[in-house]
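Novice: Numbering (the UniProt record's numbering), first residue to last: 1 to 632. Beta carbons: idealized from backbone N, C-alpha and C, even for Gly. Please read these numbers as outputs of a predicted model, since none were measured by experiment. I'd like to ask some things about the structure below.
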């Protein structure tokens, strides 16, 4: 079946289409009630079905004869260690750790917070929770105690799982003091803290509360899989909210499994036995969907990588992993490839490795600028596919259906909508716009399986955040347009649109142009308040390594580029070279914080920030250059 016919059928006949996809999953009880629409605009998929996500990822694969196939490859240049698990070995580890959780009184519906680095035990813990029906919430290791305490209060876990430390480049970050501080601050007090001791730093244990991971593990017996209703929660993932309080995205079991299997096969074209590398962290949705659950549910080998794209030990580390394990498909954020390009612009390190096993490279998480696309395509000679999705959706919204022959690329586009997603561009009144007209990106209800239908303990907030702005639609919060051929262009969050003298302009479009300058490694364009024009754009520029150019000359050239491509109407007149850009741990530039600095507004230190020291540094430079008020 072609992409076009499959996509149209998914919109016209959603129940029959998704019933067929559900037949690819090994249910304990097959669903008969495929789609149920609720009065508040939400809906439930496969409500009467029963299954278990850990069973699908492990036991079922073993039943299909994959027991001795490698399931998980742990590669840690951060600690110079490697380990591999067959499906049999991983199932045994998961079943026994599930027994360890059971011995602590954890059962179906109980909460477990996982605050760990990228070690296999983190993935084992996720699958162990899924096995017994406990609701896991992975919190990125190293989050500040206050932010961890907020999540403890919201999720109300019975147990916290952690490690003694994580490794950031060569720096050891001790986790246990952060967990202890969070436990002191939290109103809800988890009963137990289970600590994985790592040799890089040994944690002090609190008597009566803390338990050693492997002492507990060795004293426990394996347990089987608990049947779960399709709509029972699998996990909670916290994402930032405009109020400062994080939103707990709830993922179900049934729709999640069906959606991930569909995406793995049809978007990424990964078959059982293929090797897949998701270059992310289990603290993010990519780590859940396409490091742990998706690849294993599809019978693949998944690479679990502890390190960075650069400096562990160099910008060739991804390519070394591809060669060593014969990786067939990979996924990383654009920021990872921009970091590699900055340190290896001519691809010298890339050419040291044989990457012939690699079929294609997918990118998502932030806009893929065309210079990075062209550079990556030129050095790799592989198809580079940009695609777009959100924590809330849990799997791609727009992407190429590579297994269905839909492999066309439009540079700057995140490709066409995936089956089940009726993507439309709306004006502020909710009217659908025509081809190439900019507006708010929305998805007509019902959302396909796998997408969040509520927030943890706050359904009203889900309704007001996502369904209230455009009745009958899910509001993505992103802006952009769809061209005459159906390709979707995401121009950034709708709050990244600035108003210059009454003209609405996209800072994302300006970033795309600035990034084309041969001296620019990465950039952010933000809107700064100005008394006459309302707002004006300012560029913050990170240079490529080894580039020698005067800042005044660079600014002059960038101003000319924007004037030529967008026009004088853009009023782009300032470009400031910085040493670093503030980012989240997943690689997204913190543009909202940069805007607040430039406009002299107060801001809270983002919980997701990768390095807090960057903000004072960049603030000082912006004040010195007259781009931020001294009062900031």
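Determine the contact status of residue 395 and residue 260, defining contact as a CB-CB distance below 9 Å.
Specialist: As a first step, residue 395 must be located in the chain shown, where it is residue number 395. As a first step, residue 260 must be located in the chain shown, where it is residue number 260. In this structure, residue 260 lies closer than 9 Å to residue 395 by Cβ.
Novice: Since residue 529 is in the beta strand (DSSP E), which residue starts that stretch and which ends it?
Specialist: On the chain shown, residue 529 is found 529 positions in, with the first residue counted as 1. Segment 520 to 530, the beta strand (DSSP E) holding residue 529.
Novice: Applying the criterion that 16 or more other CB atoms from any shown protein chain within 10 Å of the CB defines a buried residue, is residue 381 buried or exposed?
Specialist: Along the chain shown, one-based indexing puts residue 381 at 381. Label assigned to residue 381: exposed.
Novice: How long is the line joining the alpha carbons of residue 429 and residue 440, rounded to whole angstroms?
Specialist: Here residue 429 corresponds to residue number 429 of the chain shown, with the count starting at 1. Here residue 440 corresponds to residue number 440 of the chain shown, with the count starting at 1. Approximately 10 Å, taken between the alpha carbons.
Novice: Assuming residue 88 is part of the alpha helix (DSSP H), what are its boundary residues?
Specialist: For the purposes of this step, residue 88 is taken as residue 88 along the chain shown, with counting starting at 1. Segment 87 to 103, the alpha helix (DSSP H) holding residue 88.
Novice: Is DSSP giving residue 268 helix, strand or coil here?
Specialist: Locating residue 268 in the chain shown gives position 268, counting from the first residue. Note: residue 268 maps to coil in three-state DSSP.
Novice: State the CB to CB distance for the pair residue 455 and residue 250, rounded to an integer number of angstroms; the pair is presumed to be in contact (CB under 8 Å).
Specialist: By 1-based counting over the chain shown, the position of residue 455 is 455. By 1-based counting over the chain shown, the position of residue 250 is 250. Indeed, because the Cβ distance is near 7 Å, the residues count as touching under 8 Å.
Novice: DSSP three-state label for residue 247, please.
Specialist: Within the chain shown, the letter at position 247 stands for residue 247. It is a strand residue.
Novice: Decide yes or no for the touch test of the segment 4 to 15 against the segment 25 to 32: beta carbon pairs closer than 8 Å, at least 3 of them.
Specialist: With the cut-off at 8 Å, the segment 4 to 15 and the segment 25 to 32 do not touch.
Novice: Taking the beta strand (DSSP E) that residue 165 falls in, what are its first and last residues?
Specialist: Position 165 of the chain shown, counting from 1, holds the residue named residue 165. Counting along the chain, the beta strand (DSSP E) containing residue 165 begins and ends at 165 to 168.
Novice: Whose C-alpha, out of 413, 276, 96 and 520, is nearest the C-alpha of residue 70?
Specialist: The residue labelled residue 70 in the question sits at position 70 within the chain shown. Of the candidates 413, 276, 96 and 520, the one whose C-alpha sits nearest the C-alpha of residue 70 is 276.
Novice: Take residue 580 and list the residues in its own chain whose beta-carbon comes closer than 6 Å to its own, dropping the five residues that flank it on each side.
Specialist: By one-based count along the chain shown, residue 580 stands at place 580. So the qualifying residues of the chain are 614.
Novice: Please give me, in chain order, every unbroken run of the alpha helix (DSSP H) with length at least 4 that falls completely inside the segment 202 to 228.
Specialist: List check, alpha helix (DSSP H) in window: 213 to 218.
Novice: Would the segment 198 to 208 and the segment 93 to 105 be scored as touching if the rule is three or more Cβ pairs under 8 Å?
Specialist: Judged by Cβ distances under 8 Å, the segment 198 to 208 makes no contact with the segment 93 to 105, as fewer than three pairs qualify.
Novice: Give the straight-line distance between the Cα atoms of residue 607 and residue 551, rounded to the nearest whole angstrom.
Specialist: Working through the chain shown from its first residue, we reach residue 607 at position 607. Working through the chain shown from its first residue, we reach residue 551 at position 551. Their backbone Cα atoms lie some 32 Å apart in a straight line.
Novice: Say whether the segment 37 to 45 touches the segment 160 to 177, bearing in mind that this needs 3 or more beta-carbon pairs closer than 8 Å, one atom from each stretch.
Specialist: Judged by Cβ distances under 8 Å, the segment 37 to 45 makes no contact with the segment 160 to 177, as fewer than three pairs qualify.
Novice: Starting from residue 405, follow the beta strand (DSSP E) in both directions and report where the run begins and ends.
Specialist: Position 405 of the chain shown, counted from the first residue, corresponds to residue 405. Segment: none, residue 405 is in no beta strand (DSSP E) and carries neither H nor E.
Novice: Span of the beta strand (DSSP E) holding residue 433?
Specialist: To locate residue 433, count along the chain shown from 1; it is residue 433. Element bounds for residue 433: n/a, residue is neither H nor E.
Novice: Between residue 589 and residue 514, is the Cβ-Cβ spacing less than 9 Å?
Specialist: Residue mapping note: residue 589 aligns to position 589 of the chain shown, counting from 1. Residue mapping note: residue 514 aligns to position 514 of the chain shown, counting from 1. Contact flag unset, no.
Novice: Going straight from the alpha carbon of residue 152 to that of residue 507, what length do you get?
Specialist: For the purposes of this step, residue 152 is identified with residue 152 of the chain shown, where counting begins at 1. For the purposes of this step, residue 507 is identified with residue 507 of the chain shown, where counting begins at 1. Approximately 36 Å, taken between the alpha carbons.
Novice: Please tell me whether residue 51 and residue 227 are closer than 9 Å, where the distance is taken between their beta carbons.
Specialist: Taking the chain shown and counting its residues from 1, the one referred to as residue 51 is at position 51. Taking the chain shown and counting its residues from 1, the one referred to as residue 227 is at position 227. Yes, Cβ-Cβ distance for residue 51 and residue 227 is below 9 Å.
Novice: Are the Cβ atoms of residue 594 and residue 577 separated by less than 9 Å?
Specialist: Sequence index remark: in the chain shown, residue 594 carries index 594 (1-based). Sequence index remark: in the chain shown, residue 577 carries index 577 (1-based). In this structure, residue 577 does not lie closer than 9 Å to residue 594 by Cβ.
Novice: Should residue 442 and residue 418 be called a contact, given that it needs their Cβ atoms to be closer than 9 Å?
Specialist: Here residue 442 is taken as the residue at index 442 of the chain shown, counted from 1. Here residue 418 is taken as the residue at index 418 of the chain shown, counted from 1. Contact flag unset, no.
Novice: Indicate the three-state DSSP secondary structure (helix, strand or coil) for residue 374 in the structure shown.
Specialist: Position 374 of the chain shown, counted from the start, is the residue given in the question as residue 374. Residue state, collapsed to three classes: helix.
Novice: In the DSSP assignment, what are the bridge partners of residue 385?
Specialist: Against the chain shown, residue 385 aligns to sequence position 385. Beta-bridge pairing links residue 385 to 362.
Novice: Could you name the residues of the same chain whose beta carbon sits closer than 6 Å to that of residue 511, not counting the 5 residues immediately before and after it, in chain order?
Specialist: Here the question's residue 511 lines up with position 511 in the chain shown. Closer than 6 Å at the Cβ level, and outside the excluded window around residue 511, lie 523 and 525.
Novice: Less than 8 Å between C-beta atoms, sequence neighbours within five positions excluded: which residues of the same chain meet that for residue 124?
Specialist: Here residue 124 is taken as the residue at index 124 of the chain shown, counted from 1. Once the five neighbours on either side are set aside, the close Cβ partners of residue 124 are 90, 93, 94 and 97.
Novice: Which of the three DSSP states is assigned to residue 297 in this structure?
Specialist: For the purposes of this step, residue 297 is taken as the residue at position 297 of the chain shown. The answer is helix: DSSP assigns residue 297 an H, G or I state.
Novice: As a quick exercise: from 183, 132, 557 and 108, pick the residue whose alpha carbon is nearest that of residue 516.
Specialist: Taking the chain shown and counting its residues from 1, the one referred to as residue 516 is at position 516. Per the Cα distances, 557.
Novice: What residues are listed by DSSP as bridge partners for residue 192?
Specialist: As a working note, residue 192 is residue 192 in the chain shown. Answer is 159.
Novice: Measure the Cβ-Cβ separation of residue 414 and residue 393 and say whether it is below 9 Å.
Specialist: Position 414 of the chain shown, counting from 1, holds the residue named residue 414. Position 393 of the chain shown, counting from 1, holds the residue named residue 393. For residue 414 and residue 393, no; Cβs fall outside 9 Å.
Novice: From the DSSP output, in three-state form, read off residue 574 for me.
Specialist: Along the chain shown, read from residue 1 onward, the residue named residue 574 stands at position 574. Three-state result, residue 574: strand.
Novice: Could you tell me the boundaries of the alpha helix (DSSP H) in which residue 337 lies?
Specialist: Along the chain shown, read from residue 1 onward, the residue named residue 337 stands at position 337. 334 to 343 is the extent of the alpha helix (DSSP H) around residue 337.
Novice: Can you tell which of 170, 451 and 116 has its C-alpha closest to the C-alpha of residue 178?
Specialist: By 1-based counting over the chain shown, the position of residue 178 is 178. Nearest of 170, 451 and 116 to residue 178, Cα basis: 116.
Novice: Compare the beta carbon distance of residue 610 and residue 582 with 9 Å and say whether it is the shorter of the two.
Specialist: Walking along the chain shown from the start, residue 610 turns up at place 610. Walking along the chain shown from the start, residue 582 turns up at place 582. Taking 9 Å as the Cβ cut-off, residue 610 and residue 582 qualify as a contacting pair.
Novice: Answer yes or no: do residue 248 and residue 137 have a C-beta to C-beta separation smaller than 9 Å?
Specialist: The residue labelled residue 248 in the question sits at position 248 within the chain shown. The residue labelled residue 137 in the question sits at position 137 within the chain shown. Contact: yes.
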